[in-house]
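To start, the structure itself, in structure tokens.
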Amino acid sequence: MGKKNSDSVVKIDSSLLADVEAFINKKDNMYRYANRKQFIDLAVFEKLKREVKK
1441 MGKKNSDSVV KIDSSLLADV EAFINKKDNM YRYANRKQFI DLAVFEKLKR
1491 EVKK
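Given below as structure tokens:
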């Protein structure tokens, strides 16, 4: 299987997704994260950035 240039679908546990929704819907986070995809993209990016520094 080769790499795709376009976005790929990733399945996320429903309870984790509910936690993400609750976090995004908090007043302080509503304007920082426009949607679930943006939040998850940023969270994964930050995690990878921290792991690479180790």
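Residues 1441 to 1494 in the numbering used here are what the sequence shown spells out, letter by letter.
Backbone N, C-alpha and C define an ideal beta-carbon position, used for all residues, glycine too.
Since the model is a prediction, treat every value here as computed from it, not as a measurement.
Taking only the alpha-carbon atoms, compute the straight-line gap between K1494 and I1480 and give it to the nearest angstrom.
By one-based count along the sequence shown, residue 1494 stands at place 54. By one-based count along the sequence shown, residue 1480 stands at place 40. Roughly 22 Å between the two C-alpha positions.
Could you compute how far the alpha carbon of L1457 sits from the alpha carbon of N1469?
Within the sequence shown, numbered from 1, the residue matching residue 1457 stands at position 17. Within the sequence shown, numbered from 1, the residue matching residue 1469 stands at position 29. One C-alpha to the other measures close to 16 Å.
Residues in the same chain with beta-carbon distance under 8 Å from D1447, minus the five sequence neighbours each way, listed in chain order, please.
Start at 1 with the first residue of the sequence shown, and residue 1447 comes out as number 7. Once the five neighbours on either side are set aside, D1447 has no close Cβ partner at all.
Check whether the Cβ atoms of V1460 and R1476 lie closer than 7 Å to each other.
Residue numbering aside, residue 1460 sits at position 20 when the sequence shown is read from its first letter. Residue numbering aside, residue 1476 sits at position 36 when the sequence shown is read from its first letter. Against a cut-off of 7 Å, the Cβ pair of R1476 and V1460 comes out as a contact.
Grouping DSSP H, G and I as helix and E and B as strand, with all else coil, what is R1476?
Against the sequence shown, residue 1476 aligns to sequence position 36. Here R1476 sits in helix by DSSP.
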